[in-house]
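Its first residue numbered 33, the sequence shown is counted upward by one per residue in this note's numbering.
For glycine and all other residues, C-beta sits at the position ideal for the given N, C-alpha and C.
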Amino acid sequence: MSRRLTDNHSKRLNEQVKRNLERFPADFMFQLTRGEFDSLTSQIAMSKPGRGGRRTLPYAFTEHGALMAANILNSPRAVQMSVFVIRAFVKMRETLLGTRELARKRALLEKKLTCRLDSHEAAIVHVLQDLMQILNPPPPPPDPPRRRIGFQHPA
Numbered sequence: 033m034s035r036r037l038t039d040n041h042s043k044r045l046n047e048q049v050k051r052n053l054e055r056f057p058a059d060f061m062f063q064l065t066r067g068e069f070d071s072l073t074s075q076i077a078m079s080k081p082g083r084g085g086r087r088t089l090p091y092a093f094t095e096h097g098a099l100m101a102a103n104i105l106n107s108p109r110a111v112q113m114s115v116f117v118i119r120a121f122v123k124m125r126e127t128l129l130g131t132r133e134l135a136r137k138r139a140l141l142e143k144k145l146t147c148r149l150d151s152h153e154a155a156i157v158h159v160l161q162d163l164m165q166i167l168n169p170p171p172p173p174p175d176p177p178r179r180r181i182g183f184q185h186p187a
């Protein structure tokens with residue numbers, strides 16, 4: 033019985049969405065492609081093709097679209113679901129904000145480590161240059177020309 037209610041609710045939601053398309057611009061809702069839908073059917077249990085089930089590609093809602101969809105149905109159950117959807121998105125937003133904070137902290141730590149590595153790399157390069165000079169010293173400068181011993185006639 034609950035399966036029939038779920039199917040019926042989905043059917044009513046789809047009907048209301050089609051009747052209120054002006055409330056769902058492209059950034060609120062989009063239809064899945066055949067590839068996306070096939071990927072979903074391989075991940076979840078769905079009826080086999082030709083044995084009932086979905087005949088059209090389903091719609092997917094963005095955050096704003098889900099909130100709009102939650103507000104187009106008026107039954108008591110739809111109102112409960114509307115409140116549930118809004119709470120879910122509030123919770124999701126809080127979680128994402130926490131994720132952003134972690135990303136910011138990770139970026140700061142990475143920057144600090146990069147600075148340390150840069151100074152260590154510079155020291156290592158300096159040590160390697162000194163070592164290369166020890167192993168491969170430059171040739172000594174040529175001796176200055178020697179003065180000849182004895183009397184030299186001024187020219």
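For residue i, the nearest candidate out of the options (CA to CA)
i     : options                      : result
ARG87 : ASP70, PHE121, LEU53, VAL157 : ASP70
Residue i, buried or exposed, once every other Cβ within 10 Å from all chains shown has been counted against 16
i      : result
VAL49  : buried
SER34  : For SER34, the predicted model reports a pLDDT of 46, less than 50, meaning its position is unreliable and no value from the coordinates is stated.
LEU120 : It should be noted that the sequence gives Ala, not Leu, for residue 120. Exposed, since its Cβ has fewer than 16 Cβ neighbours within 10 Å.
MET164 : exposed
PHE56  : buried
For residue j and residue i, the rounded distance between their alpha carbons
i      : j      : result
ILE118 : LEU99  : 7 Å
GLU54  : PHE60  : 11 Å
GLY130 : PHE116 : 21 Å
THR65  : THR94  : 16 Å
LEU45  : ALA101 : 8 Å
MET113 : ALA58  : 23 Å
LYS43  : HIS96  : 21 Å
Chain-order list of residues whose beta-carbon lies under 7 Å from that of residue i (same chain, five-residue window excluded)
i     : result
ASN52 : ILE104
GLN63 : LEU89, TYR91
Cβ-based neighbour list, residue i, same chain, cut-off 8 Å, excluding 5 preceding and 5 following
i      : result
CYS147 : none
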